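Residue numbers for the sequence shown follow this note's numbering, beginning at -4 and rising by one.
Read the structure below first, then the notes.
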Amino acid sequence: MNVALLGATGNAGSRILAELLARGHRVTAIARDPASLTARDGLTVKAGDVNDAAALAALLPGHDAVISTTRFQSTDPRALLAALKSAGVPRLLMVGGAGSLEVAPGVALIDTPQFPAAYKAEASAGRDALNVLRDEETLDWTFLSPSALFAPGERTGNFRLGTDALLVDGAGNSHISMEDYAIALVDELETPRHSRRRFTVGY
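Right, here's the structure in full:
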């Protein structure tokens, strides 16, 4: 596929980029600093600002999907949706957060006393972005939330998928490596199973 990737230089974005290229997809990485990305087969790098809907839309025609890995506090989801619609791109896959996942019926992780204060603003912005997507009536979107601990690690290919509840393993831990997260996201790109829905991945 022809995929536009926003945030390709970040921790999650760089691993998603590697997974896309390894599977033979053609990727346009859109970054504020294109020089930070090295040339690779299948990769085109363009300068762009995710919050400038008109400028972003000019870079997107001809792509089958956009994958957004940018921080929620620095991204306007409505501008992003407007850019995709203007460019005629039918699908958006968004790297979500764990904060909006439920730990009990009707109780989100972000609203529990133990949720770290340092991450609350970003998690809250992530929940807001998910709500914007849920109100979207025309574009095909998917929001993939990682587990609570989301960090670089091993690419194992062994993980579980869920929907709106935080996944916890037998030892009580909620975690996923960025490498395995990338597998789940690109799997969804290639074989959509969560159209217009949020899902989650964890061990």
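The beta carbon of each residue, even a glycine, is placed where N, CA and C say it ideally should be.
All values reported here derive from a predicted model rather than from experimental measurement.
- Excluding five sequence positions before and after Ala13, the CB atoms of its chain that fall closer than 8 Å to its own CB belong to Ala177, given in chain order.
- For Gly121, the three-state secondary structure derived from DSSP is helix.
- For the pair of segments examined, the stretch 28 to 40 was found not to touch the stretch 58 to 66: the number of CB pairs separated by less than 8 Å stays below three.
- Per DSSP, the unbroken alpha helix (DSSP H) holding Ser81 starts and ends at Pro72 to Ala82.
- Residue Leu144 holds the alpha-carbon nearest to the alpha-carbon of Val163 among Gly152, Thr133, Ala120 and Leu144.
- Asp44 is not bridged by DSSP to any residue.
- Judged by beta-carbon spacing, Val40 lies beyond the 7 Å limit of Val22, meaning their Cβ atoms are not closer than that value.
- Each residue's CA atom was taken as its position, placing Leu88 and Ala7 some 13 Å apart.
- The beta carbons of Gly91 and Arg155 sit no closer together than 7 Å.
- Secondary-structure assignment with DSSP links Asn(-3) through a beta bridge to Arg21.
- For Ala42, the CB contacts under 6 Å within the same chain, skipping 5 residues up- and downstream, are Pro29 in chain order.
- C-alpha of Gly152 to C-alpha of Phe138: approximately 20 Å in a straight line.
- The beta-carbon separation of Leu51 and Ala78, rounded to 4 Å, stays under the 8 Å limit for a contact.
- The beta-carbon separation of Ala82 and Asn46, rounded to 15 Å, does not stay under the 8 Å limit for a contact.
- Ala160 has its alpha-carbon roughly 19 Å from the corresponding atom of Glu117.
- In this structure, the alpha-carbon of Gly165 lies about 21 Å from that of Thr107.
- Fewer than three beta-carbon pairs drawn from the stretch 95 to 106 and the stretch 51 to 61 are found closer than 8 Å, and the two stretches are therefore not classed as touching.
- From the listed residues Ser142, Trp136, Pro147 and Leu134, the smallest Cα separation to Arg10 is found for Pro147.
- Nearest C-alpha to Ala124 among Thr70, Leu0 and Ala99: Thr70.
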